[in-house]
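> Counting along the sequence shown from 1, when you hit position 183 you're at 183 in UniProt numbering, and nothing is skipped either side.
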Amino acid sequence: MKNIVVPQLRVGVFGWNSGFQESNLYPDDLPDEWRLTYISNMVDVVVVPFDELMDADQDTVEGWEDDTHENIGFYISLHHSQLLSDPGFLENQVLKKIALLHDRLVGILLYEDCEIPHDLFSNIPLFQMADIATNDSLMESVISLRGGDGVALLHASQELIPMEMRTLVELLKKENLDTLIFIPGPGLSGNIENAETISSLLG
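(1) Mind checking whether L109 and F89 have CB atoms under 8 Å apart?
(2) When you compare each of N41, F20, A133 to G73 by their alpha carbons, which one comes out closest?
(3) Look up G73 in the DSSP assignment and give the residues it is bridged to.
(4) Only counting the same chain, and skipping five residues up and downstream in sequence, which positions put a Cβ closer than 6 Å to that of I132?
(5) At the level of alpha carbons, what is the spacing between F121 and K96?
(6) Please work out which residues of its chain come closer than 7 Å, Cβ to Cβ, to E22, disregarding the five sequence neighbours upstream and downstream, and give them in chain order.
(7) Between G150, L168, D149, which lies nearest to A156 when the distance is taken from Cα to Cα?
(8) Quick one: residues in its chain with C-beta nearer than 8 Å to the C-beta of I192, no 5 flanking neighbours on either side, listed in chain order?
(9) Using the C-alpha atoms, what's the distance from S137 back to residue 205?
(10) Throw me the rounded Cβ distance for the L177 and G150 pair, which I believe falls under 8 Å.
(11) Assign T68 to buried or exposed, taking buried as 16 or more other Cβ atoms, counted over all protein chains shown, within 10 Å of its Cβ.
(12) Find out if the Cβ-Cβ distance for the pair L153, V142 is shorter than 8 Å.
(13) Whole angstroms are fine: how far does the CA of P162 sit from the CA of S199?
(14) CA-CA distance, S77 and A99?
(15) Decide if M54 is buried, meaning its Cβ has at least 16 other Cβ atoms within 10 Å, or exposed.
(16) Report all residues from its chain with a CB closer than 6 Å to the CB of T37; omit the five preceding and five following residues, and keep chain order.
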């Protein structure tokens, strides 16, 4: 079997508004409307939560491109919702808004309980997320790790110590996951920086 070489991790964050109180990521005097721009200078990709997408109007979605540098990619996160079982809603609301991101859209993150008519999304990459088993004794700070199709989503209770981060990065390489997205929480800034540094050192 041919070995698959996984490049240095791309690092991202889940959202830019909700859940960031504990992360202490933003300067106190940073206006809310500058948050996306600020965080886009720290990461490679940003996940747009489903609720954030639904609350945004067309001008707001189009503004996400303008508010970030050209190399930032966007994922859309879809979780279980009765709305997603309605093809008309998907076409008229979800797909129309997603299309506004143009070539900056990387794809859609789907969770185990989320079922959508895949034919409507035939031109958009879909990433099926499932739980990934971790060694609790080696990664005590990890609350949950999900991944699939090259993307991992990490929820941590605090900043991972270097050995935890190394163990995590090695696990991701083994699973051929080359994008690591952090759910906001304590130690977020340190986790982003350490993931980039350790993945670069490990090659």
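Where is the CB? At the ideal position from N, CA and C, for every residue including glycine.
This is what the structure holds:
(1) no
(2) N41
(3) V45
(4) L145, G147
(5) 12 Å
(6) G185, P186
(7) L168
(8) V11, V13, M42, V43, F182
(9) The structure shown does not extend to residue 205, since the chain is modelled only from 1 through 203, so no value can be given for it.
(10) 6 Å
(11) buried
(12) no
(13) 11 Å
(14) 15 Å
(15) exposed
(16) D67
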